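Worksheet: one structure, shown below.
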Amino acid sequence: INMDLNAIIESMETSDQDAALMALQTYNKKMTRCFTFTTDEEEQRERLGELVLGFLERDLQPSCQLACLETIRILSRDKNNVAPFITHTAMQTLSRHAGIAISNGNVDCEGSVVLVPFAENPDLEVIVEALKSICNICLHNKVAVQVGQDLQLIVGIAERLKQCGEDQWNHYVRFFDLRLMFLLTAQRVAMRTQLLRELRGVSLLSNHLDATLGLYWPDTFEVGRAGVEVDPDSEEPAELPPLSREKIERAMEILKILFNITYDANRREVDEEEAAAFRHLGAILRHCLMSSTDAQDDTEEFHSHSLNLLGNLPLSCLDVLLMPKVQQGSIEYMGVNMDAVNMLLEYMEKRLDRGKKLKETMLPSLNLLTESARIHRETRKFLRMKVLPPLRDVKNLPEVGNALRNKLVRLMTNIDTDVKNCAAEFLFVLCKESVSRFIKYTGYGNAAGLLAARGLLRGGGNPGVYSEDEDSDTEEYREAKSQINPVTGRVEDEQPNPMEGMTEEQKELEAMKLVNMFDKLSRSNIIQPMMLGSDGSMTQMNSEHQKEQQDQQQQQGSGSEDEGEVE
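Read left to right, the sequence shown gives residues -4 to 562 (this note's numbering).
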C-alpha cells in the first residue's frame, strides 16, 4: 500500500487530470472501508491531502471533483492527520463545493444572505461528499470548528434550510446539512446563540421539521399528517402511517439541533414571540410522540429525542400537550385529551421496567410528567388516578408489587441520587406536596430522604397551590388505618416483646450496652449522630447537644422513655 500511495502522489504531481482521476479512483476503492490508519504513512497522506486540495482549486470535470472530495472524506477519518484541511483556505474551498459558502458581500439589496454560486446545475454527489468531509473534519478538530465559525458556515446552512420545500435537494444533502449544523452548535456556544437569535433558529428548524414530517394544521396548536383522512364516524383515532427511515433520520437531526439551542429556555424569561414559537414547536413534538416508524429502535430513538427537547421548553408552553380536541378513541379525562400524557406515562414505565441507564432513558419523561402535573390540574389528577389509585393493599410494603406505585417507591431508595430524588418528587407532587398523604402512599422510611431535604421531617410545610381532591380513602384503608406502621407503610404482624421476662436491672444493662456501642461508632467516625433542628431539617449533633440530651435523660430517670428525636 505504501508504494501505491507514492505512485498516486506521483500521478497527482504531474497535474494531469486523467492520470489523477484514475489514481484517486483506485485509492478510494481500496480505502472505502478503512477507518483506522497507521502512523508510518502519515507524511504521504498529508501530502496527498495537500495535492487534492490544490486540484479542487482548478476547473475540474465533475468526475474528478467527486474523486478528489471522496479522497478528502477518506483522509479526514484520521483524526491525527487533518492538518491540511483545517486552514481557512481549505475550509473555504470545501464549503464552496458544499454550496454553503457566503459571498463577501453577505447580503443582497433586499437583505437576504447570498451564497457563493458554485455551479448552475450543482452536482448533488459533489455537494454531499464535501459536506461529509467537513463533518469529519469538524468532528475531529476544534480548530476546524473555529474556522467554520469564522467562515459563517452556519449562516450558509441556514440559508439552504429555508429552501426545504424545494425538490432540487435530495435526502443526503438535507441530512448532512443538518448533521453539520448539529456538530457546529454542539461545540460552540457562539454558534448556538447566533442560530437561536440572529437566524431565528427555533422558527427556522420548526418549519423544517414541519416540512420533513409533512404536517398540516387544522387548528392553531393541533397538528395532522398531510394525506391522512380522518373518519368522523370512526370510534378509533386516525392511525398515522409509519414515517420513512429518511424522514426520521432528518427529523432526529433537527431535534438534536433544537435541543442544543434551547438548552436553557426553561430557565430564563421568554418574550411573547419566543413563547409562541415554543408552543408551535411543542405541538409538533406532541405529534412526534404519537408517530412511529417501521423499526422499533428508530421509533424509540425518535421519541427519546422528542422528549429531551420537550423538557427544554418553558413550562408555560407545555399546555399544548393537552390542546387537541377529544375525538372518538382518544383517552379523555375531565374533558381533556390525555393521549400525550398517557403516552409519556407508558414510555416512562417501559424504561423503568428495563432498568438500564435509568438516568439517561427514564428521567426526561419522569421530569416532564412531574412538571406537567405541577402546573396542570387535569394532568395531575389523571396521573394520580393511574399511579396512586385509592389505597386498598395495606398488608404489603409500598415497595413490594408490580403496580407502578410500587416500582416508583422502589426507585426512592435507588443508589443514583438523581433517580431517587426524581421518583420521590413525582410522587410528592401527585400527593399535592402533602406530607401526610406522601407518607401514606410510600411509608415514612422511603419518604424520609425527600422530607429531610425539604426540612419536612416534622411534617407541616407549605403544600403548594393545588385544587381540592375528594376523599380517596377506601373502606379497607379506613379500617386498617390505626394499625398501619407509618415507617413501613403497612399493617405489621404483632412482634413478641424482646424485653419480656427481663428485670429492670437487665433492661438497664442492655440499654447501656447499646449506648456504648453507638458511642464507639460515633468516636470512630463510622456514624454521625444527627438530630432534628427546629426548622425540620437534619443537623449534626455535637458534644454539647449530646451532653444536653444525656442530662435530660438522667433527669427523667432511667426508666423513662427517651423523647429526643435522634437518628
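Backbone N, C-alpha and C define an ideal beta-carbon position, used for all residues, glycine too. These numbers come from a predicted model, not from an experiment.
How should residue i be labelled, buried or exposed, when 16 other C-beta atoms within 10 angstroms of its C-beta is the threshold for buried?
| i | result |
| --- | --- |
| K435 | buried |
| V223 | exposed |
| Y211 | exposed |
| I370 | exposed |
| S555 | Any answer about S555 is weak, because its pLDDT of 43 lies below 50 and its placement is not dependable; what the coordinates show is given next. Exposed, by the Cβ-count rule. |
| S301 | buried |
| L509 | exposed |
| F513 | exposed |
| N165 | exposed |
| I252 | buried |
| G209 | exposed |
| H83 | exposed |
| V404 | buried |
| G350 | exposed |
| N255 | buried |
| R379 | buried |
| A2 | exposed |
Residue i to residue j, Cα distance in whole Å?
| i | j | result |
| --- | --- | --- |
| E560 | T534 | Its pLDDT being 41, under 50, E560 is placed unreliably by the model, and the measurement read from it follows with that caveat. In a straight line, the C-alpha of E560 is about 11 angstroms away from that of T534. |
| L422 | R240 | 38 angstroms |
| T66 | M357 | 42 angstroms |
| E268 | S128 | 37 angstroms |
| L364 | S517 | 42 angstroms |
| A246 | P385 | 41 angstroms |
| S234 | G324 | Reading off the sequence shown, one finds Glu at residue 234, where the question assumed Ser. So the two alpha carbons sit approximately 11 angstroms from each other. |
| E428 | A185 | 40 angstroms |
| H135 | L19 | 23 angstroms |
| T412 | D145 | 42 angstroms |
| M(-2) | Y22 | With a pLDDT of 44 at M(-2), under the threshold of 50, the modelled position of this residue cannot be trusted, and the question is left open. |
| D259 | L308 | 9 angstroms |
| D11 | L55 | 11 angstroms |
| L304 | E344 | 19 angstroms |
| L593 | I249 | Lying outside -4 to 562, the shown extent of the chain, residue 593 is not represented and no answer is given. |
| A93 | V123 | 7 angstroms |
| M525 | K415 | 22 angstroms |
| V142 | N75 | 18 angstroms |
| E562 | I522 | Caution is warranted here: a pLDDT of 37 is assigned to E562, below 50, making its placement in the model unreliable, and the coordinate value is therefore given only provisionally. Whole-angstrom Cα-Cα distance: 10 angstroms. |
| D39 | R155 | Going by the sequence as given, residue 39 is Gln instead of Asp. So the alpha carbons of these two residues sit roughly 36 angstroms apart. |
| I410 | N520 | 22 angstroms |
| A448 | A442 | 10 angstroms |
| R195 | H275 | 14 angstroms |
| S198 | T408 | 42 angstroms |
| C312 | G44 | 50 angstroms |
| Y167 | Q158 | 15 angstroms |
| K502 | P493 | 10 angstroms |
| C426 | P393 | 15 angstroms |
| V138 | I69 | 19 angstroms |
Can you tell me where the alpha helix (DSSP H) holding residue i begins and where it ends?
| i | result |
| --- | --- |
| Y167 | H166 to Q182 |
| F32 | F32 -> no alpha helix (DSSP H), and no H or E assigned at all. |
| E366 | L358 to I370 |
| V138 | K137 to D145 |
| S519 | Careful: S519 lies outside any alpha helix (DSSP H) and carries neither H nor E. |
| P319 | P319 -> no alpha helix (DSSP H), and no H or E assigned at all. |
| N441 | Y439 to A448 |
| P57 | P57 to L70 |
| R346 | D334 to R349 |
| L89 | H83 to A93 |
| Q39 | E37 to L51 |
| S301 | Q291 to L305 |
| K415 | T412 to L425 |
| G151 | L148 to L156 |
| E248 | R240 to I256 |
| I3 | N(-3) to E8 |
| R274 | E267 to L284 |
In the DSSP assignment, find the unbroken beta strand (DSSP E) run with residue i in it and report its ends.
| i | result |
| --- | --- |
| R220 | E217 to R220 |
| D214 | L210 to D214 |
Using 7 angstroms as the cut-off, classify the Cβ of residue i as near or not near the heavy atoms of the ligand GTP, replying yes or no.
| i | result |
| --- | --- |
| T288 | For the ligand GTP, the structure offers nothing, since it holds no ligand at all. |
Which residues in the same chain as residue i place their Cβ atom closer than 7 angstroms to its Cβ, once the five residues preceding and following it in sequence are excluded?
| i | result |
| --- | --- |
| Q189 | I149 |
| I152 | I95, D172, L175 and M176 |
Output yes if chain C places a C-beta closer than 8 angstroms to the C-beta of residue i; else output no.
| i | result |
| --- | --- |
| L238 | In the structure shown, chain C does not exist; there is a single protein chain. |
What residues in its chain sit with their C-beta under 6 angstroms from that of residue i, if we drop five residues either side in the sequence?
| i | result |
| --- | --- |
| T27 | none |
| I(-4) | Its pLDDT being 43, under 50, I(-4) is placed unreliably in this model, and the value from its coordinates should be taken loosely. Closer than 6 angstroms at the Cβ level, and outside the excluded window around I(-4), lies no residue. |
| A15 | S6 and M7 |
| L317 | V331 |
| E373 | M329 and V331 |
| H282 | V218 |
| S360 | L302, L339, Y342 and M343 |
Can you check the stretch 385 to 410 for any alpha helix (DSSP H) of at least 4 residues that lies completely inside it and give the ranges in chain order?
-> 399 to 406
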